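**Q** Mind looking over this structure? Questions follow.
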Amino acid sequence: MKDSQENLTFEIKISEIDLEYNVQDTVREVFLIGRSKRFLKNSKNKLVGLLAKIEHPFSFTLNENILEQSLNQIKGGVDNPAEDAIYYLDDNEELQIQAEKHGKKVDIEELATLVIDKLGKRDYSYIELPIKLDIANLTRADLEKVKPQVTPLLKESLIIRHKEKTWEINSLEKLGFLEVKKEKNNLKLGINKQALTSYEKNLEAQVNVLPRGIVNESEDGKVLNFELLGEREELDVARFATDFEEAFFDGQKEVVLTTKVTEKTADVSKYGIRELIGYGESNYGGSSASRAANLILAAKKASGVLVPPGGVYSLNKSVGPINASTGFGSAWVIASGRTVLGSGGGVCQTSTTLFRAVLDSGLPVVERHAHDYRVGYYEKDQPAGFDAAIYQPSLDMKFKNDTENYVLVQAYAIPEETKLVFKIYGTSDGREVEITEPVITGVIAPPETEYRETDTLKKGVVQQVDFSAWGATSVFSRKVTREGEVLFEETYRSVYRPWKAIFLVGTAE
Numbered sequence: 001m002k003d004s005q006e007n008l009t010f011e012i013k014i015s016e017i018d019l020e021y022n023v024q025d026t027v028r029e030v031f032l033i034g035r036s037k038r039f040l041k042n043s044k045n046k047l048v049g050l051l052a053k054i055e056h057p058f059s060f061t062l063n064e065n066i067l068e069q070s071l072n073q074i075k076g077g078v079d080n081p082a083e084d085a086i087y088y089l090d091d092n093e094e095l096q097i098q099a100e101k102h103g104k105k106v107d108i109e110e111l112a113t114l115v116i117d118k119l120g121k122r123d124y125s126y127i128e129l130p131i132k133l134d135i136a137n138l139t140r141a142d143l144e145k146v147k148p149q150v151t152p153l154l155k156e157s158l159i160i161r162h163k164e165k166t167w168e169i170n171s172l173e174k175l176g177f178l179e180v181k182k183e184k185n186n187l188k189l190g191i192n193k194q195a196l197t198s199y200e201k202n203l204e205a206q207v208n209v210l211p212r213g214i215v216n217e218s219e220d221g222k223v224l225n226f227e228l229l230g231e232r233e234e235l236d237v238a239r240f241a242t243d244f245e246e247a248f249f250d251g252q253k254e255v256v257l258t259t260k261v262t263e264k265t266a267d268v269s270k271y272g273i274r275e276l277i278g279y280g281e282s283n284y285g286g287s288s289a290s291r292a293a294n295l296i297l298a299a300k301k302a303s304g305v306l307v308p309p310g311g312v313y314s315l316n317k318s319v320g321p322i323n324a325s326t327g328f329g330s331a332w333v334i335a336s337g338r339t340v341l342g343s344g345g346g347v348c349q350t351s352t353t354l355f356r357a358v359l360d361s362g363l364p365v366v367e368r369h370a371h372d373y374r375v376g377y378y379e380k381d382q383p384a385g386f387d388a389a390i391y392q393p394s395l396d397m398k399f400k401n402d403t404e405n406y407v408l409v410q411a412y413a414i415p416e417e418t419k420l421v422f423k424i425y426g427t428s429d430g431r432e433v434e435i436t437e438p439v440i441t442g443v444i445a446p447p448e449t450e451y452r453e454t455d456t457l458k459k460g461v462v463q464q465v466d467f468s469a470w471g472a473t474s475v476f477s478r479k480v481t482r483e484g485e486v487l488f489e490e491t492y493r494s495v496y497r498p499w500k501a502i503f504l505v506g507t508a509e
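Put into structure tokens, the structure is as follows:
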């Protein structure tokens, strides 16, 4: 097949489409010419056969799916879709028009007919691709007609307001919302639905407030008492769409968001918090007071979040900023390839415990990072590999609720046992989880201890600032099934670097 205008050629190999000719069927069909039970058709065929040669296609079979894929690939390599004329702002923010571009496209149905016809004749010569002109819908002339209506719409920014928060939509961004619709040569200005929907989702992520919840009582994994701890607030999307369009075209400067508030006394059964679906724990024994306080504070902030169906839970988002102003103290953290004192040291114990609960629940893990080196706290009750590091803003621990009901994340500490617990509640959909024992390989001894002299410490003072750890690679798998069907299967591979201990040796007099 070829496109003579562009000097392009394409080839479909017979072997790729599983083409097979059936000689017996072809002979049978030819034999039946002029021998049908219909008298007039027989007479016509016999007369034609006397006056001219009758050509009958060969009978054949082929893989239609592969042929269709091949033809579509050819179409994709040739098609040059038309581009409508569009508005744009120049360097002086003046409204300009980029002219339309007409294109071309392969008539895929006609091409398929030509290919089948050629194969029936066992004719493998070139086929000239049937190409049609693709005409742009909107032209420069169209946009020139409505330009006087568009120009004033872009003069001022539009402000979106919700309580103390504001978002500005400038002239260029407003242009992205504008759509010129053309129906039967009639032009009409409107709002691009795709752009508006995308903006609405962004607003929802910043405006919507899910109520927090708590399971107060349960027995054998069954929830006996669940209550909401706050109101639910959601953007009224339908109202926003109406208000936005009115403000956009009426020259208004501001849109005040309308939200729908659900009282915490509302029916809680609709959330589907019925049973325990995931459990994880870890032991923080041996932690400093500051480290223990940090991981417990993070667990409190992470607890009580209701994740809607299809929603993604982010530990960083739930906990919020981790710094001194939000109550986190200084403790050892891994940063830039070193163990240093920093705000929120110990919060990784919180993410590690959540990771274990998510694994147990059978919910998909969206984001998880292993630590740079093995941390003793996380191997008190689990082998290496069942940890999860977080470090704002780059490292997070996330999971997705792919069930049909809400799930509740609940966390708490048992100080007398130095134990941190995460529970995930929801409605079981029958999924079962299989987790293999981790395979530990590549065990490497820690490098030799390093002693660094410093004049920041008095002579004779020695201070340990980094801690040794063995390097290793841990690999384990998780398979999630329901009624014998594999929903997903995944492998977790954690590579831990060998880590050396570092001591500072004082030299100051």
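When you line the sequence shown up against full-length UniProt numbering, it's residues 1 to 509, in that order.
Where is the CB? At the ideal position from N, CA and C, for every residue including glycine.
These numbers were taken from a predicted model, which means no experiment stands behind them.
So what does DSSP say about residue 273, is it helix, strand or coil?
**A** Numbered from its first residue, the sequence shown carries residue 273 at position 273. If DSSP states are grouped into helix, strand and coil, residue 273 belongs with coil.
**Q** Let's see if you can read the secondary structure: which residues bound the beta strand (DSSP E) around residue 134?
**A** Here residue 134 refers to the residue found at position 134 when the sequence shown is read from its first residue. Residue 134 -> beta strand (DSSP E) spans 131–134.
**Q** For the alpha helix (DSSP H) containing residue 510, name the first residue and the last one.
**A** The question about residue 510 has no answer, for the chain in this structure spans 1 to 509.
**Q** Can you have a look at residue 324 and say buried or exposed, based on whether 16 or more other CB atoms are within 10 angstroms of its CB?
**A** Within the sequence shown, residue 324 is the residue found at index 324, counting from 1. When all chains shown are included, residue 324 counts as exposed.
**Q** For the putative contact between residue 212 and residue 190, defined by C-beta atoms under 8 Å, what is the C-beta separation to the nearest angstrom?
**A** In the sequence shown, residue 212 corresponds to position 212, counting from 1. In the sequence shown, residue 190 corresponds to position 190, counting from 1. Between residue 190 and residue 212 the Cβ distance is about 40 Å, and since that is not below 8 Å, they are no contact.
**Q** Exposed or buried, which one is residue 52 when buried takes at least 16 other CB atoms within 10 Å?
**A** Position 52 of the sequence shown, counted from the first residue, corresponds to residue 52. Note that residue 52 scores 46 on pLDDT, short of 50, meaning its location in the model is unreliable and no value can be drawn from it.
**Q** Do residue 297 and residue 420 have their CB atoms nearer than 9 Å?
**A** The residue given as residue 297 occupies position 297 in the sequence shown. The residue given as residue 420 occupies position 420 in the sequence shown. No, Cβ-Cβ distance for residue 297 and residue 420 is not below 9 Å.
**Q** Could you round the C-beta distance between residue 406 and residue 306 to whole angstroms and report it? I think they count as a contact, below 8 Å.
**A** The residue given as residue 406 occupies position 406 in the sequence shown. The residue given as residue 306 occupies position 306 in the sequence shown. Going by Cβ atoms, the distance from residue 406 to residue 306 rounds to 5 Å, so yes, they are a contact pair.
**Q** May I ask which residues mark the beginning and end of the alpha helix (DSSP H) holding residue 242?
**A** If you number the sequence shown from 1, residue 242 lands on position 242. Its alpha helix (DSSP H) spans residues 237–250.
**Q** Quick one: what's got a C-beta closer than 6 Å to residue 195's C-beta in the same chain, skipping five residues either side?
**A** For the purposes of this step, residue 195 is identified with residue 195 of the sequence shown, where counting begins at 1. Excluding residues within five positions, the ones whose Cβ falls inside 6 Å are 176, 177.
**Q** Among 180, 329, 204, 144, which has the Cα closest to the Cα of residue 311?
**A** For the purposes of this step, residue 311 is identified with residue 311 of the sequence shown, where counting begins at 1. That would be 204, whose Cα lies nearest to the Cα of residue 311.
**Q** Around the Cβ of residue 488, are there at least 16 other Cβ atoms within 10 angstroms (buried) or fewer (exposed)?
**A** Looking up residue 488 in the sequence shown gives position 488. Counting Cβ neighbours within 10 Å, residue 488 comes out exposed, since fewer than 16 surround it.
**Q** Comparing alpha-carbon positions, which option in 58, 78, 66, 384 lies nearest residue 7?
**A** Position 7 of the sequence shown, counted from the first residue, corresponds to residue 7. Ranking 58, 78, 66, 384 by Cα distance to residue 7 puts 78 first.
**Q** Helix, strand or coil for residue 50? Go by DSSP, reduced to three states.
**A** As a working mapping, residue 50 is identified with position 50 in the sequence shown. Note on residue 50: pLDDT 45, under 50, position unreliable in the model; no value is reported.
**Q** Under 8 Å, with one C-beta from each stretch per pair, do the stretch 135–142 and the stretch 93–102 reach the 3-pair mark?
**A** In short, these stretches touch, since the Cβ pair count reaches three.
**Q** Between residue 314 and residue 253, how many whole angstroms is the CB-CB distance? I'm expecting something under 8 Å.
**A** As a first step, residue 314 must be located in the sequence shown, where it is residue number 314. As a first step, residue 253 must be located in the sequence shown, where it is residue number 253. Their Cβ separation, rounded to whole angstroms, is 34 Å, which puts residue 314 and residue 253 out of contact at 8 Å.
**Q** With residue 316 as the anchor, note down where its alpha helix (DSSP H) starts and where it stops.
**A** On the sequence shown, position 316 is the one that residue 316 refers to. Per DSSP, residue 316 belongs to the alpha helix (DSSP H) from 315–319.
**Q** What residue from 219, 242, 143 has the CA that sits closest to residue 187's CA?
**A** The count along the sequence shown starts at 1 and reaches residue 187 at position 187. Checked all of 219, 242, 143; the closest Cα to residue 187 is 143.
**Q** Taking buried to mean at least 16 other C-beta atoms within 10 Å of its own C-beta, is residue 126 buried or exposed?
**A** By 1-based counting over the sequence shown, the position of residue 126 is 126. Residue 126 comes out exposed.
**Q** Look at the alpha carbon of residue 238 and the alpha carbon of residue 174, and state the distance between them as a whole number of angstroms.
**A** The sequence position of residue 238 within the sequence shown is 238, counting from 1. The sequence position of residue 174 within the sequence shown is 174, counting from 1. Their backbone Cα atoms lie some 19 Å apart in a straight line.
**Q** Would residue 17 and residue 63 qualify as a contact pair, given that the criterion is a beta-carbon distance under 9 Å?
**A** Against the sequence shown, residue 17 aligns to sequence position 17. Against the sequence shown, residue 63 aligns to sequence position 63. Contact: yes.
**Q** Is residue 426 closer than 9 Å to residue 468 when the C-beta atoms are compared?
**A** As a first step, residue 468 is located in the sequence shown; it is residue number 468 there, counting from the start. As a first step, residue 426 is located in the sequence shown; it is residue number 426 there, counting from the start. Result no, Cβ atoms of residue 468 and residue 426 do not sit closer than 9 Å.
**Q** Can you list, in chain order, the residues of its chain with a C-beta nearer than 7 Å to that of residue 236? Leave out the 5 residues immediately preceding and following it.
**A** Here residue 236 is taken as the residue at index 236 of the sequence shown, counted from 1. So the list reads 258, 259, 260, once near-sequence residues are dropped.
**Q** Answer yes if the stretch 466–483 comes into contact with the stretch 375–391, meaning at least three C-beta pairs across the two stretches below 8 Å, and no otherwise.
**A** Result yes; three or more Cβ-Cβ pairs closer than 8 Å.
**Q** List the residues that DSSP assigns as beta-bridge partners of residue 502.
**A** Counting from one through the sequence shown, the residue named residue 502 turns up at place 502. DSSP, once it has assigned bridges, lists 450, 466 as partnering residue 502.
**Q** So, does the stretch 434–441 touch the stretch 343–350, judging by three or more C-beta pairs under 8 Å?
**A** No, the stretch 434–441 is not in contact with the stretch 343–350.
**Q** Check residue 349 in the structure and name its three-state DSSP category.
**A** Against the sequence shown, residue 349 aligns to sequence position 349. Residue state, collapsed to three classes: helix.
**Q** Is the CB of residue 225 under 9 Å away from at least one CB in chain D?
**A** The question asks about chain D, but that chain is absent: this structure has only one protein chain.
**Q** Could you spell out where the beta strand (DSSP E) holding residue 478 opens and where it closes?
**A** Here the question's residue 478 lines up with position 478 in the sequence shown. Run containing residue 478: 471–482, per the beta strand (DSSP E) assignment.
**Q** From which residue to which residue does the alpha helix (DSSP H) around residue 431 run?
**A** Residue mapping note: residue 431 aligns to position 431 of the sequence shown, counting from 1. Not the alpha helix (DSSP H): residue 431 falls in the beta strand (DSSP E), residues 431–435.
**Q** Please go through the same chain and pick out, in chain order, the residues whose beta-carbon is closer than 7 Å to the beta-carbon of residue 43, but skip the five residues on each side of it.
**A** Here residue 43 is taken as the residue at index 43 of the sequence shown, counted from 1. At residue 43, the pLDDT of 46 sits below 50, so the modelled position is not reliable; the number obtained from the coordinates is stated separately. Excluding sequence neighbours, residue 43 sits near nothing in its chain.
**Q** Assuming contact is defined by CB atoms lying nearer than 9 Å, are residue 160 and residue 255 in contact in what I supplied?
**A** Position 160 of the sequence shown, counted from the first residue, corresponds to residue 160. Position 255 of the sequence shown, counted from the first residue, corresponds to residue 255. Yes, the Cβ-Cβ distance between residue 160 and residue 255 is below 9 Å.
**Q** Rounded to whole angstroms, what's the CA-CA distance from residue 441 to residue 281? Just pull it up for me.
**A** Numbered from 1 along the sequence shown, position 441 holds the residue referred to as residue 441. Numbered from 1 along the sequence shown, position 281 holds the residue referred to as residue 281. About 25 Å.
**Q** Run the CB neighbour count on residue 508, radius 10 Å, all protein chains shown included, and call it buried at 16 or more, exposed below.
**A** For the purposes of this step, residue 508 is identified with residue 508 of the sequence shown, where counting begins at 1. Under this definition residue 508 is an exposed residue.
**Q** Determine, using beta carbons only, whether residue 241 and residue 200 come nearer to each other than 9 Å.
**A** Sequence index remark: in the sequence shown, residue 241 carries index 241 (1-based). Sequence index remark: in the sequence shown, residue 200 carries index 200 (1-based). Yes, the pair counts as a contact, with Cβ atoms nearer than the cut-off.
**Q** Can you name the residues that DSSP bridges to residue 80?
**A** For this step, residue 80 is matched to residue 80 along the sequence shown. Beta-bridge pairing links residue 80 to 104.
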